[in-house]
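Each residue of the sequence shown is one higher than the one before, counting from 13 in my numbering.
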Amino acid sequence: MSTLHVLSHSPFTDSRLDSCLRVCGNRDAILLCGDGAYALHSAALQTQGVKVFVLSEDMQARNLPLPDWADSVDFPGFVQLSIDYDKVNTWL
Numbered sequence: 013m014s015t016l017h018v019l020s021h022s023p024f025t026d027s028r029l030d031s032c033l034r035v036c037g038n039r040d041a042i043l044l045c046g047d048g049a050y051a052l053h054s055a056a057l058q059t060q061g062v063k064v065f066v067l068s069e070d071m072q073a074r075n076l077p078l079p080d081w082a083d084s085v086d087f088p089g090f091v092q093l094s095i096d097y098d099k100v101n102t103w104l
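Laid out in structure tokens, this is it:
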């Protein structure tokens, strides 16, 4: 079963990203939104091999470049991801 993990908090203010990475399976993906987009600067995401998406509006609002190991999605893309994965887990 695949899970889309949605992270909206900065990885530099708490440990949600680390907790998420510990439970991510090989069929899972992470969607960064809000301040979670700052995780694009996290070395942990680059080395995990998990599929990473970032909400394009949040990435642009924070003037963050898109690394080659991540994909950006708009709001309709976010909805499509939530359909494509069996479960959606939001890390509140």
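Glycine included, every Cβ here is placed at the ideal spot set by N, Cα and C. This one's a predicted model, so the numbers in the text were calculated from it and none came from an experiment.
A residue is called buried once 16 or more other Cβ atoms fall within 10 Å of its Cβ, and Pro-77, having fewer, is exposed. Trp-81 is not a Cβ neighbour of Leu-19, given a cutoff of 7 Å.
Taking C-alpha positions only, Val-85 is separated from Asp-30 by approximately 23 Å. The distance from the Cβ of Leu-93 to that of Phe-65 is about 6 Å, consistent with a contact at the 8 Å cut-off. Checking the DSSP bridge columns, you'll see Phe-65 partnered with Leu-43, Asp-83. Put simply, of Val-91, His-17, Gln-72 the residue whose alpha carbon is nearest the alpha carbon of Asn-38 is His-17.
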